[in-house]
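Residue numbers (our numbering), protein chains in the order written: chain A, 1 to 113; chain B, 114 to 222.
Here it is in structure tokens:
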């Protein structure tokens, strides 16, 4: 069974731009969660989607948004990028609920200059 | 407030030198505790799920145990390839996991 895939793997953007990251979950998994990981803060929960609905959201500004499609694939978008948005963005999928074990993708390394 | 704390932050071991990593948690009604391994620049890799106090799980040189307030990840006779950051996480509510900040393990030959 194929694992979680994320594209692109690396991105370099300029302050003020926007970015869209993509995640394809493990086949059959309907819950997709997004995390931001930085050296100082560790893994911080962004949001979780299930059946195209956002079920939970972390403490991030409205510049961070996401969506999920009918095939469970998910995208997250960050608008008006700031230097502090530089991080590893991780997507994780789980079968039904994100409170069960989650399986992570390789991440997208975003660098904002 | 629900919280997950891991210690130590970093651990340096000689190859073959066994040790333990700690994950303490404060959540109401624990519904599972998860251990992950993360290599630099990669996503966390799922290792174990523990559901009840007294439960133990093993995988190669790793053994995870759970009490009512904490979990331990025991590493027996580690090898350099065990070097990684080890993360633990617990569910908060039904739709979210909260993670500890991890223990960075380095094993030297």
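Don't be surprised by glycine CBs; every beta carbon is placed ideally from N, CA and C.
A residue is called buried when at least 16 other Cβ atoms come within 10 angstroms of its Cβ; residue 84 of chain A does not meet this threshold and is exposed.
Using beta-carbon distances, residue 213 of chain B counts as an interface residue toward chain A, with a partner under 9 Å. Using a Cβ distance threshold of 9 Å, residue 60 of chain A and residue 96 of chain A do not count as a contacting pair. Counting the other CB atoms within 10 Å of its CB gives residue 192 of chain B a total below 16, which places it among the exposed residues.
Residue 3 of chain A carries a coil assignment under DSSP once its states are collapsed to helix, strand and coil.
In this structure the stretch 181 to 199 of chain B touches the stretch 140 to 149 of chain B; the number of beta carbon pairs closer than 8 Å is three or more. In the DSSP assignment, residue 59 of chain A falls outside any beta strand (DSSP E), carrying neither H nor E.
Between residue 173 of chain B and residue 88 of chain A, the alpha-carbon positions lie close to 29 Å from each other. The beta carbon of residue 170 of chain B sits no closer than 9 Å to any beta carbon of chain A. Classified as exposed, residue 164 of chain B has fewer than 16 neighbouring CB atoms from the shown chains inside 10 Å of its CB.
Our two residues, residue 78 of chain A and residue 66 of chain A, have alpha carbons roughly 9 Å apart in a direct line. The beta carbon of residue 158 of chain B sits closer than 8 Å to those of 149, 150, 151, 152, all from its chain and outside the five residues before and after it, given in chain order. Not a single CB atom of chain B sits nearer than 9 Å to the CB of residue 52 of chain A.
For residue 198 of chain B, same chain residues with a beta-carbon under 6 Å away, outside a window of 5 residues either side, are 151, 215, 217 in chain order.
Straight through space, the alpha carbons of residue 48 of chain A and residue 110 of chain A are spaced by roughly 20 Å. Boundaries of the beta strand (DSSP E) harbouring residue 202 of chain B: 197 to 204, taken from the DSSP string.
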